[in-house]
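Be aware that the sequence shown starts at 16, since it is given in our numbering, and climbs by one per residue.
Beta carbons: idealized from backbone N, C-alpha and C, even for Gly.
All values derive from a computational prediction rather than experimental measurement.
Okay, so here's the structure we're looking at.
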Amino acid sequence: MTGPGGGAGRTDERKGRDAATPLPDAALAARVRAGEVRALAKAITLVESTRPADRSTAIGLLEAFPAPGSGTLRIGISGSPGVGKSTFIEAFGLRAVEARHRIAVLTIDPSSRLAGGSILGDKTRMAELSQRPEAFIRPTPAGRTLGGVARRTREAIVLCEAAGFDVVVVETVGVGQSETAVAGMTDLFLLLLAPLAGDELQGIKRGVMELADLVLVNKADGAQADAAGRTVAEYRNALHLMRPRTPAWTPTVEACSALTGSGVEEAWQRTLECRAALEASGDFAARRTAQAEEWLREEVEAALHERLREDPRLEPLAARLEDDVRAGRIAPPAAARRLLDAFFARPPSDP
Ligand SMILES: Nc1nc2c(ncn2[C@@H]2O[C@H](COP(=O)(O)OP(=O)(O)O)[C@@H](O)[C@H]2O)c(=O)[nH]1
Ligand SMILES: [Mg+2]
């Protein structure tokens, strides 16, 4: 698929150029579909771009993949910074590759604004995996808003799948609402925890536990091995009291060590079992449908918001209304209504 020929890609590219209305994204789509990793990286850069002109091209590109991801598995992995997510994904990913999967890893770190730090860290944590031709590792720079990150990550997932990566892992730091966002765009959610120091359950929010299909207590090695065992027991008890996401699958809690590799095979097996159970019950298809619906809703809301914000004809009115709100001359809801009325009375023409 990724062979030097890239034959299919080149043919399509030529076809695209000969067509009456040659689209630059048609060529790119063909190269993505041919599994060209450089084209995939370029496509993801395109969908991440905040330039309005790039957005149109990105949408054109995504139109090539309207029904993404049949036969693929999207795994969300979350946990506190330093719990060992990247180290775990290295071991887990190599196991997936061994089972002849092609794995893409998208890392989101909403806590780091600066590109660089965590990205370099991830590359070194996934040193072996990142060298494998069957793996693709891509850090997602933190956007201005979590919603923005999630939107682009959905698009990156689709592009990875189109390029033939049948396992897509989305790694996110467990802060704020990032777990909920990631659980909403993946099929299966894996929560990584650290061994407990005392008897107290960690400050893990109940809502996050309820999202988890698999819970792994990492760093079950050396001096922390015993604590990890106790932690597993505690979380098993805690999970008993919660309602599982679906009757088809009872979330599992197990210990592992991403560093030594112990428990990683079990985690891979549990992943396959979970997938099989969700597929048999219809939950897998239902989660995919929910992902698409949620994506559509998010996209409508976000795109509407963007258009409103970027419409130059609204600027004078918006500035005036902001002044009026600041001066207490108009109530904010009334000002918002006036702005929206003006926007919808004069819809921006499509470029
Ligand atoms: N002892 C031990 N250390 C680990 C394990 N997994 C990760 N670490 C270490 O924990 C630190 C953070 O790991 P990293 O994978 O970057 O965590 P992330 O922030 O969750 O992605 C690194 O120094 C790892 O070597 C493990 O299973 N056992
Ligand atoms: Mg990491």
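Nearest-angstrom Cα separation, counted from residue j out to residue i
i	j	result
A196	E269	24 Å
D241	A235	7 Å
T246	T60	41 Å
E194	L203	12 Å
R169	Y250	30 Å
D338	R258	49 Å
N233	R140	15 Å
P154	V120	8 Å
F180	R89	10 Å
A357	L329	7 Å
R147	A79	27 Å
L254	P266	8 Å
W264	S296	9 Å
R221	L206	12 Å
E314	E308	10 Å
L129	T187	Low confidence applies to L129: its pLDDT is 47, below 50, so where it sits in the model is not reliable, and the reading given next is rough at best. C-alpha separation (whole angstroms): 16 Å.
L76	R322	20 Å
L43	E105	29 Å
T17	S145	The pLDDT assigned to T17 is 39, lower than 50, so where the model puts this residue is not dependable; a value taken from the coordinates is nonetheless given after this. Looking at the two C-alpha atoms, the distance is approximately 16 Å.
G237	E63	42 Å
P37	E225	Low confidence applies to P37: its pLDDT is 46, below 50, so where it sits in the model is not reliable, and the reading given next is rough at best. Cα-Cα distance, rounded: 48 Å.
R353	P331	13 Å
T72	G244	51 Å
A15	V185	For the chain, the structure presents residues 16 to 366; residue 15 sits outside this window and is missing.
G97	W310	30 Å
L336	E316	22 Å
S95	G343	43 Å
T87	A54	20 Å
R70	V112	33 Å
T275	L293	30 Å
G108	E288	17 Å
K57	R324	27 Å
E28	R66	Because E28 carries a pLDDT of 41, less than 50, the predicted location of this residue cannot be relied on, and the following value inherits that uncertainty. Answer to the nearest angstrom: the Cα atoms are 25 Å apart.
D326	C271	52 Å
L355	Q239	57 Å
A142	G91	20 Å
R110	R341	58 Å
P348	A334	15 Å
T304	L256	28 Å
D298	A68	38 Å
R312	A45	28 Å
Among the options, nearest to residue i - alpha-carbon criterion
i	options	result
T102	E225, E113, H320 and S277	S277
A177	P83, G91 and L208	P83
S93	A171, S145, L208 and A68	L208
R285	A300, L144, A227 and S71	A227
G99	R115, L231 and A334	L231
R117	L76, G50, L256 and A58	G50
H320	E186, G108 and A351	A351
L229	W283, G237 and P67	W283
T122	I152, E63 and A114	I152
A300	R322, C175, R70 and M200	M200
Q306	R166, R46 and A56	R166
E280	T261, A114, V185 and A292	A114
V47	I172, G91 and L144	I172
I74	A41, A346 and A248	A41
V182	A334, L211 and E149	E149
P210	V223, L256 and A248	A248
R302	T275, I345, S85 and P81	S85
T261	R290, T275 and Q239	R290
V223	D298, P81 and Q192	Q192
L174	P67, A292, E288 and V52	V52
In DSSP terms, what residue i is bridged to
i	result
R153	L121
V185	G91 and L121
A270	V232
L206	S93 and V230
Please give me, in chain order, every unbroken run of the beta strand (DSSP E) with length at least 3 that falls completely inside the region 211 to 263. 229 to 232
Go through the region 50 to 128 residue by residue and report every complete run of the alpha helix (DSSP H) that reaches 4 residues or more, in order. 52 to 63, 67 to 77 and 100 to 113
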